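Report on one structure; see the data block that follows.
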Amino acid sequence: MKRPMETSSTIKASSRDEAIIGTNDYSIVSKRSVERLYNADESEFLHHFVPKFKRRAPAINRGYWLRVHAIEFVVLRFLEECRQAGKQVAVVNLGCGYDTLPFRTRWKAPQLCGDCVFVDVDYPSLIQRKAEKIRRENLFGLTPTTGTASEAVSLETEEGYYAVGCDLRHPERLQQILTDELGLHGRHFIFLAEVSLAYVDYNYANTLIDKLSSISNSRFCILEQYLPDGEGHPFAQAMLNHFEKTAPLKQIRKCPSLAAQAARFRQNGWTSVQVENLWNLWQNDEFLSGEQRTALDKVEQFDEWEEFALFGAHYFVLVAGNYDLGPLLPILPQHNDHLGAEAPPVQSALAWQHFQAPKGAGLRRYGAVIPHSAQLVSFHGGQTSSAKQGNYDTYSCSSPAPDLPGPPECLSSHTITECGPDTYLCVGGRTTPSKARSACWLGVSDQWTPVEHLTPGRYRHCAVPVHLPTEQGVLVFGGRTGDGIVLGEWALWTGSSGWRRLTCPMDEPQPRFSATMACSGLTDGLLMGGLSASGTVFHDCWRWTLDGLQVLAERVSESVLPKQIEWTRFGASLVASDKGFVLIGGVGANGIIPEMDDVVCISKALHFTRLPLVSGPTQRPLLVGHGAALVKDGSLLIVGGGAICYSFGAFWNPGIYMLSTSRGVQEWFLDATPATTEVQA
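Take our numbering: the last position of the sequence shown gets the number 683, and nothing is skipped along the way.
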């Protein structure tokens with residue numbers, strides 16, 4: 003008998019299905035990396051399906067740890083809710099892949115699993131492989147039954163585990179298997195879809211969501227990607243481009259926002275819906291305690307905070323229900339509920355200017371700006387796209403620019419602050435997150451010499467120039483040490499006295515790193531935001547004044563701070579200008595800084611106004627890890643910046659960006675330097 007000829011459509015469908023199955027392979031290797039590193043004191047389950055361990059990058063590990071924790075959190079709350087109500091339950095994992103949630107949950111919380119069955123659902127071919135491995139190797143102490151209740155079941159055990167092969171595009175068949183063939187009718191259900199419906203055509207996914215809502219006493223938990231600030235955000239672009247190459251995301255453009263996702267479930271029969279992004283859940287103490295967050299830092303070095311927040315801001319957890327019981331997600335009222343609402347009147351518009359740079363040049367982030375003059379700026383140190391790049395890039399109004407080297411050490415997250423005519427102080431920085439530098443360098447007429455160390459070594463601190471009666475100095479606050487200690491101390495450097503510790507006799511800002519600080523006068527200024535020791539964003543703003551060897555700090559009342567503008571952030575630039583303070587970029591308390599809030603002006607009277615950008619560049623910059631300086635004609639120069647976008651690849655800001663009140667600013671050029679040997683101090 004001849005084999006039926008495969009049509010082009012069936013071949014295409016098969017290739018698509020294999021691509022979707024392939025996403026499980028990457029995911030399960032990443033979860034195995036998390037299991038081995040972060041759950042070292044727990045039983046290992048995934049190593050049976052991932053025989054060769056592959057360690058992922060710290061940001062990917064932490065992202066997958068958060069994903070796993072989010073699903074487990076919801077499942078355990080559901081099981082506890084049903085246990086207290088005396089209900090039998092069924093946990094159904096849609097598109098489960100090789101995930102070991104049923105076995106890990108039984109090991110972790112056996113007291114909640116007495117009346118629980120677990121059902122893994124995925125493509126029949128994948129489920130058959132998973133079931134065969136469990137049976138052949140006698141995994142997880144399961145006892146397979148001699149027969150199965152349905153031909154779709156590849157494995158059924160006496161402990162209440164079912165491995166079901168069913169295409170999610172056939173929800174009627176799935177419902178029939180669950181309620182009729184497996185006899186689970188009458189149980190309380192929770193359906194899980196961790197980045198599995200994302201690859202299913204939108205109409206098929208909607209049909210599944212609608213069909214499962216007809217099963218009484220059910221919950222639906224979905225973890226998926228979304229677009230908090232549209233497709234134009236650089237992280238979103240990297241994410242979408244990544245999946246387009248393998249398994250395109252089918253839901254994200256139809257339901258790009260959290261509101262759209264919630265409406266979708268309500269329209270398909272689910273009466274109660276909770277939804278939150280992962281970055282906000284990370285910061286919620288009910289979801290994750292401060293102790294749990296800080297404990298992660300002991301597992302591996304971590305300093306990818308912007309990347310982690312951007313990831314968390316593009317993934318959400320939604321829990322829907324068709325019956326009225328308690329919430330499973332701990333969602334707190336957000337400080338930015340009114341973001342996007344009408345803001346205070348705008349003073350003036352800024353024009354974006356974008357200047358091209360030589361291909362591959364200027365790809366640098368987390369460096370330090372050296373403002374040599376209004377027409378000449380260097381961006382020193384940081385992380386680069388290639389080891390062949392030098393220690394600094396020079397930007398000027400003319401090319402070639404003069405060679406003005408910075409400090410001899412190539413560091414990240416350090417500060418270089420002007421402290422006199424053609425004089426600069428380089429403070430701190432790091433090589434790796436555990437190797438913070440205490441060395442300081444003084445540059446006079448571009449000759450750099452070591453000066454007194456500031457101990458302990460620190461990075462991601464704040465440093466601003468201050469003008470004392472007889473000399474200029476540098477005021478430093480906060481930062482993080484190589485041991486992970488977050489600092490709350492103030493220190494003052496002057497050429498005559500070196501470093502001196504300062505006291506803060508009034509109200510004192512909590513220890514923080516990656517905060518934003520600037521000087522508005524001779525010895526006073528503003529301090530905003532930053533991250534706590536447990537990795538949460540501070541929602542505060544402080545006025546400070548240097549008075550001798552004291553810093554007088556006063557917290558600004560929340561009543562005078564705007565609710566419509568996203569001003570609480572970390573990793574931003576704050577530049578003093580004739581417009582007041584200009585706040586540029588960073589990562590917000592909600593994760594994403596809306597494009598309309600990328601640049602905000604703050605007057606000395608603390609009036610916040612958006613500075614809308616006209617004639618925007620074709621490519622929206624990713625304003626993290628960048629440098630900013632006030633230059634000729636009161637324009638703002640923005641150089642470098644970018645991020646590793648989770649597992650989706652790197653994004654580097656191309657070329658040079660300028661913010662100006664005039665569209666006719668003089669062109670700027672970049673002169674990159676060759677790599678040099680690092681000097682140790």
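C-beta: ideal position from N, C-alpha, C; glycine also. Keep in mind the model is a prediction, meaning the values are calculated, not measured.
Buried versus exposed, by CB contacts within 10 Å (16 or more), M530: By the C-beta density criterion, M530 is buried, having at least 16 other C-beta atoms within 10 angstroms.
message: Comparing C-alpha positions only, which one of T496, V553, K361 sits nearest to G490?
response: It is V553.
query: What is the rounded straight-line gap between the Cα of L180 and the Cα of A535?
result: So the two alpha carbons sit approximately 46 Å from each other.
- prompt: Could you give the residue range of the beta strand (DSSP E) that holds P373?
  reply: Where P373 is concerned, the enclosing beta strand (DSSP E) stretches over 370-375.
- prompt: Can V539 and L548 be called in contact, C-beta distance under 8 Å?
  reply: Using a Cβ distance threshold of 8 Å, V539 and L548 do not count as a contacting pair.
message: On a Cα-Cα basis, can you pick out the residue from E669, E411, P614 that is closest to V633?
response: Nearest neighbour of V633 by Cα position, chosen from E669, E411, P614, turns out to be E669.
task: Please list, in chain order, all residues of the same chain as C257 whose beta carbon is under 6 Å from its beta carbon, the five residues on each side excluded.
output: Spatial neighbours of C257 in its own chain (CB-CB distance under 6 Å, excluding positions within 5 residues in sequence) are listed in chain order as Q263, R266.
task: Out of Q178, F381, A630, H541, point me to the one whose CA is closest to A578's CA.
output: Selection Q178, F381, A630, H541 evaluated against A578 yields A630 as nearest (Cα-Cα).
message: Buried or exposed, going by whether 16 or more other CB atoms sit within 10 Å of the CB of K33?
response: The residue in question, K33, is buried, as its Cβ has 16 or more Cβ neighbours within 10 Å.
- request: Kindly indicate which three-state DSSP category N655 falls into: helix, strand or coil?
  value: It is coil, neither helix nor strand.
- prompt: Buried or exposed: which applies to H187, given that a residue is buried once 16 or more other Cβ atoms fall within 10 Å of its Cβ?
  reply: With fewer than 16 Cβ atoms within 10 Å of its Cβ, H187 is classed as exposed.
message: With a threshold of 8 Å, are at least 3 pairs of Cβ atoms found where one atom belongs to the stretch 367-386 and the other to the stretch 324-331?
response: No, because fewer than three Cβ pairs between the stretch 367-386 and the stretch 324-331 fall closer than 8 Å, the two stretches do not touch.
query: In chain order, what residues of the same chain lie with their CB nearer than 7 Å to the CB of E160, ignoring the 5 residues before and after it?
result: Residues of the same chain with a CB within less than 7 Å of the CB of E160, apart from the 5 flanking positions on each side, are T145, T147 in chain order.
- prompt: Between A370 and T417, which are expected to be in contact by the criterion C-beta below 8 Å, what is the C-beta distance as a whole number of angstroms?
  reply: Under the criterion of beta carbons closer than 8 Å, A370 and T417 qualify as touching, at roughly 6 Å.
task: Would you kindly report the start and end of the unbroken alpha helix (DSSP H) that includes D212?
output: Taken as a continuous stretch (DSSP letters only), the alpha helix (DSSP H) holding D212 covers 204-214.
message: Just checking D549 against the ligand SAM - is the residue's beta carbon closer than 7 Å to any of the ligand's heavy atoms?
response: Absence of the ligand SAM is noted for the structure shown, with no ligands found whatsoever.
- prompt: What are the boundary residues of the beta strand (DSSP E) that V70 is part of?
  reply: Here V70 belongs to no beta strand (DSSP E); instead the alpha helix (DSSP H) covers 60-87.
- request: Whole angstroms is fine: what's the gap from G484's alpha carbon to P236's?
  value: In a straight line, the C-alpha of G484 is about 30 Å away from that of P236.
Euclidean distance between Cα positions of Q269 and T620: Roughly 37 Å between the two C-alpha positions.
query: Who are the Cβ neighbours of P347 in its own chain at under 6 Å, not counting the five residues just before and after it?
result: Per-residue confidence for P347 stands at a pLDDT of 47, beneath the threshold of 50, marking its modelled position as unreliable; no derived number is given.
Selection from D101, V93, F80, L81 that minimises the alpha carbon distance to R69: Of the candidates D101, V93, F80, L81, the residue whose Cα lies closest to the Cα of R69 is D101.
N63 burial status per 10 Å Cβ neighbour count (16 or more: buried): Buried, by the Cβ-count rule.
- prompt: What are the boundary residues of the beta strand (DSSP E) that P467 is part of?
  reply: Annotation for P467: the continuous beta strand (DSSP E) segment containing it runs 464-469.
- prompt: Roughly how many whole angstroms lie between the Cα atoms of D124 and A607?
  reply: In a straight line, the C-alpha of D124 is about 59 Å away from that of A607.
message: So if DSSP puts F193 in a beta bridge, which residue, or which two residues, is it bridged to?
response: Note: F193 sits in a beta bridge opposite V94, F222.
- request: To the nearest angstrom, report how far apart G88 and R79 are at their CA atoms.
  value: Looking at the two C-alpha atoms, the distance is approximately 14 Å.
query: Looking only at C-alpha atoms, which of Q391, P435, C421, K110 sits nearest to W443?
result: Taking only the C-alpha atoms, the option nearest W443 is C421.
query: So, H356 versus G657, is the Cβ gap smaller than 8 Å?
result: Yes, these two residues count as a Cβ contact at 8 Å.
message: Using 8 Å as the threshold, is the C-beta distance between S220 and G97 below it?
response: Result no, Cβ atoms of S220 and G97 do not sit closer than 8 Å.
- prompt: When the distance is taken between beta carbons, is V319 closer than 8 Å to C223?
  reply: For C223 and V319, yes; Cβs fall inside 8 Å.
query: What is the residue span of the alpha helix (DSSP H) that T296 lies within?
result: Its alpha helix (DSSP H) spans residues 292-298.
- prompt: Since S575 is in the alpha helix (DSSP H), which residue starts that stretch and which ends it?
  reply: Unbroken run through S575 is the beta strand (DSSP E), 575-579; no alpha helix (DSSP H).
W307 in three-state terms, based on DSSP: In the structure shown, W307 sits in a helix (DSSP, three-state: H, G or I).
A438 vs G459 beta-carbon contact at 8 Å: The Cβ atoms of A438 and G459 lie closer than 8 Å to each other.
message: Taking the straight line between their C-alpha atoms, what separation do you get for D19 and L251?
response: Between D19 and L251, the C-alpha separation is close to 13 Å.
message: Using DSSP's beta-bridge definition, name the partner residues of H356.
response: H356 pairs with Y659.
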